[in-house]
């Protein structure tokens, strides 16, 4: 399966989580925790972020943790000298979710539109 197809499949699989992700994102921004929320999407245990979806308790195959750029830097997932570059590519959270996916394809940052793409 191509990376594009995997991305579209993931986007579809995350559709049912978008309301929960939006609430978490709004809380992170409104409480001034971070201007750069990041969702960690995974299928195994990770020590990053706060769990908001546990795949064992939903019908989906993904667990989701809410995190931030600041935590990624603190835990050295993003190196200090890469922060400005990351901020430049970070898409407006009003329109996109920043998702850090840990899967069989490795670790990838993706920006998933809040509104589903037309099929």
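Residue numbers (my numbering): 3 to 121.
Here a beta-carbon is modelled for each residue, glycine too, at the ideal position from N, C-alpha and C.
The structure presented is a predicted model; accordingly, all values stated were derived computationally and were not measured.
Residue pairing from DSSP places residue 53 in a beta bridge opposite 67. Under the three-state reduction of DSSP output, residue 99 falls in the strand class.
Counting of Cβ neighbours within 10 angstroms places residue 96 among the exposed residues, the total staying below 16. Excluding five sequence positions before and after residue 68, the CB atoms of its chain that fall closer than 7 Å to its own CB belong to 26, 30, 39, 41, 51, 52 and 54, given in chain order.
Counted as a single uninterrupted DSSP element, the alpha helix (DSSP H) harbouring residue 22 occupies residues 20–32. Going by DSSP, residue 43 is part of the beta strand (DSSP E) stretching over 39–44. Counting along the chain, the unbroken beta strand (DSSP E) around residue 108 starts and ends at 108–115.
For residue 89, the uninterrupted alpha helix (DSSP H) run begins and ends at 85–91, by DSSP. Cα atoms of residue 76 and residue 60: separation of roughly 30 Å, rounded to the nearest angstrom. Between the C-alpha atoms of residue 109 and residue 116 there is a straight-line separation of about 21 Å.
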